[in-house]
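Engineer: Below is a structure I'd like to ask you about.
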Amino acid sequence: MKDPYKVLGLDKSADPETIKAKYQELHDLYGEQRFRSGEEGNEGARKLQELEEAWVLISSDLSRDTVSGGNVGDFGTVDGLIRQGKYDEAQDILDSIQNRNGEWHYMQAIIFYKREWLTDSKTQLEMAIREDPNNAKYRSSLDKLNLSMGGGQSTAQNQQNPNVNPNNYGGQYNNQPPYNDYGGGQQQDMSNCLSTCCCAYCLTDCLCNAMRCC
53 MKDPYKVLGL
63 DKSADPETIK
73 AKYQELHDLY
83 GEQRFRSGEE
93 GNEGARKLQE
103 LEEAWVLISS
113 DLSRDTVSGG
123 NVGDFGTVDG
133 LIRQGKYDEA
143 QDILDSIQNR
153 NGEWHYMQAI
163 IFYKREWLTD
173 SKTQLEMAIR
183 EDPNNAKYRS
193 SLDKLNLSMG
203 GGQSTAQNQQ
213 NPNVNPNNYG
223 GQYNNQPPYN
233 DYGGGQQQDM
243 SNCLSTCCCA
253 YCLTDCLCNA
263 MRCC
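As structure tokens, this is what we get:
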């Protein structure tokens, strides 16, 4: 079959919005032409069928790009790098992805959360939900993040990263991680440790006092 992108008169490197706009333009053109009489109508019908066949293949490419970002690394790779603590590498791949959908913003939120930029992380989760309102994972993460931020109140710990544009990115984390698969980092471990030690000390002190009284 003829190169589907050539049917549109475009190169495969064209951005998705340009491809979609060109498809719609040709679809309207050939759709109108096919109703004309004689050979012109037949030609319009033939081109419309060719266009639709090409669009099936192109749509498949665009769907893959939604996940992979178009041959520049995929969200699975970003996820793996985050789990390894390689946040700079994860950010580099994320920055190279052109299609910034809900999953893109979710991954950006996790990176900012790991960098302790809670306010910015929240912004990214809100953007992810705007892109995909029915995604339970995004909403659950935002609910937990709001809870960990004390209802969104500003504290010394959740101040926004001064080097980040709040319209593009998202924020800090504290001891209640909203991202269950990623944990809460060293701060959470230290907090749990201090809490446990304090309880043990108090219990020991009470027992000693009780023994002295006997």
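To convert, take the position in the sequence shown, counting from 1, and add 52; that gives our numbering.
Think of the CB as a built atom: it goes at the ideal place given N, C-alpha and C, for glycine as much as any other residue.
Closer than 6 Å by C-beta to GLU178: which residues in its own chain qualify, once you throw out the five before and the five after it? Chain order, please.
Structural biologist: Residue 178 sits at position 126 when you count from the first residue of the sequence shown. Within the same chain, GLU178 has no close Cβ partners at all.
Engineer: Out of GLN143, LEU114 and GLY93, point me to the one whose CA is closest to THR70's CA.
Structural biologist: In the sequence shown, the residue the question calls residue 70 occupies position 18. Among GLN143, LEU114 and GLY93, the Cα nearest to that of THR70 belongs to LEU114.
Engineer: Look at LEU60 and LEU78 and say whether their C-beta atoms are less than 8 Å apart.
Structural biologist: Counted from its first residue, the sequence shown places residue 60 at position 8. Counted from its first residue, the sequence shown places residue 78 at position 26. Yes, the Cβ-Cβ distance between LEU60 and LEU78 is below 8 Å.
Engineer: Since ILE71 is in the alpha helix (DSSP H), which residue starts that stretch and which ends it?
Structural biologist: Here residue 71 refers to the residue found at position 19 of the sequence shown. Segment 68-85, the alpha helix (DSSP H) holding ILE71.
Engineer: From PRO214 to GLY137, what distance separates their C-alpha atoms?
Structural biologist: Stepping through the sequence shown from its first residue, residue 214 is reached at position 162. Stepping through the sequence shown from its first residue, residue 137 is reached at position 85. Residue placement at PRO214 is poorly supported in this model, since its pLDDT is 45, which falls under 50; the coordinates are not used for a value here.
Engineer: Should ILE145 and THR129 be called a contact, given that it needs their Cβ atoms to be closer than 8 Å?
Structural biologist: Your numbering for residue 145 matches position 93 in the sequence shown. Your numbering for residue 129 matches position 77 in the sequence shown. The answer is yes: Cβ separation under 8 Å.
Engineer: What residue from PRO56, LYS54, ASP63 and PRO68 has the CA that sits closest to ILE149's CA?
Structural biologist: Position 97 of the sequence shown holds residue 149. Checked all of PRO56, LYS54, ASP63 and PRO68; the closest Cα to ILE149 is PRO68.
Engineer: For ASN244, I'd like the list of residues in its chain whose CB is within less than 7 Å of its CB, leaving aside the five on either flank, ordered along the chain.
Structural biologist: For this step, residue 244 is matched to residue 192 along the sequence shown. Caution is warranted here: a pLDDT of 43 is assigned to ASN244, below 50, making its placement in the model unreliable, and no coordinate value can be reported.
Engineer: For SER285 and ARG98, what's the separation of their Cα atoms in angstroms?
Structural biologist: As displayed, the chain neither begins before 53 nor continues past 266, which places residue 285 out of reach and without an answer.
Engineer: Using a threshold of 8 Å, state whether the C-beta atoms of TYR165 and TYR75 are closer than that.
Structural biologist: For the purposes of this step, residue 165 is taken as residue 113 along the sequence shown, with counting starting at 1. For the purposes of this step, residue 75 is taken as residue 23 along the sequence shown, with counting starting at 1. No, the Cβ-Cβ distance between TYR165 and TYR75 is not below 8 Å.
Engineer: From ASP63 to VAL108, what distance separates their C-alpha atoms?
Structural biologist: Residue 63 sits at position 11 when you count from the first residue of the sequence shown. Residue 108 sits at position 56 when you count from the first residue of the sequence shown. Cα to Cα, ASP63 sits roughly 16 Å from VAL108.
Engineer: Go ahead and label ALA180 buried or exposed: buried means 16 or more other beta carbons lie within 10 angstroms of its beta carbon, across all protein chains shown.
Structural biologist: Looking up residue 180 in the sequence shown gives position 128. Answer is buried; the Cβ neighbour count reaches 16.
Engineer: With 16 other CB atoms within 10 Å as the buried threshold, where does GLN101 fall?
Structural biologist: Translated into the one-based positions of the sequence shown, residue 101 becomes position 49. Classification of GLN101: exposed, given that the 10 Å Cβ count is below 16.
Engineer: With distance defined between alpha-carbon atoms, name the residue in GLU168, ILE163 and HIS157 nearest to ASP184.
Structural biologist: Counting from 1 along the sequence shown, the entry for residue 184 is found at position 132. ASP184 has its Cα closest to that of HIS157, out of GLU168, ILE163 and HIS157.
Engineer: Just to confirm, does GLU92 get its C-beta within under 7 Å of one of the non-hydrogen atoms of the ligand ATP?
Structural biologist: Among the ligands in the structure shown, none appear at all, so the ligand ATP cannot be discussed.
Engineer: I'd like to know whether the C-beta atoms of TYR190 and ILE163 end up nearer to each other than 8 Å.
Structural biologist: Here residue 190 is taken as the residue at index 138 of the sequence shown, counted from 1. Here residue 163 is taken as the residue at index 111 of the sequence shown, counted from 1. No, they are not a contact pair.
Engineer: Which of the three DSSP states, helix, strand or coil, is assigned to PRO230?
Structural biologist: For the purposes of this step, residue 230 is identified with residue 178 of the sequence shown, where counting begins at 1. It is coil, neither helix nor strand.
Engineer: If you draw a straight line from the alpha carbon of LYS72 to that of GLU91, how long is it in whole angstroms?
Structural biologist: Looking up residue 72 in the sequence shown gives position 20. Looking up residue 91 in the sequence shown gives position 39. Looking at the two C-alpha atoms, the distance is approximately 28 Å.
Engineer: Does DSSP put ASN198 in a helix, in a strand, or in coil?
Structural biologist: On the sequence shown, residue 198 is found 146 positions in, with the first residue counted as 1. Reduced to three states, the DSSP call for ASN198 is helix.
Engineer: Rounding to the nearest angstrom, what Cα-Cα distance links ASN186 and GLN176 in this structure?
Structural biologist: Position 134 of the sequence shown, counting from 1, holds the residue named residue 186. Position 124 of the sequence shown, counting from 1, holds the residue named residue 176. Going by the C-alpha atoms only, they are around 16 Å apart.
Engineer: Three-state secondary structure (DSSP) at LEU133?
Structural biologist: Residue numbering aside, residue 133 sits at position 81 when the sequence shown is read from its first letter. It is helical.
Engineer: Nearest by alpha-carbon distance to GLU104: which of ARG182, THR171, ARG167 and ASP55 is it?
Structural biologist: Against the sequence shown, residue 104 aligns to sequence position 52. Ranking ARG182, THR171, ARG167 and ASP55 by Cα distance to GLU104 puts ASP55 first.
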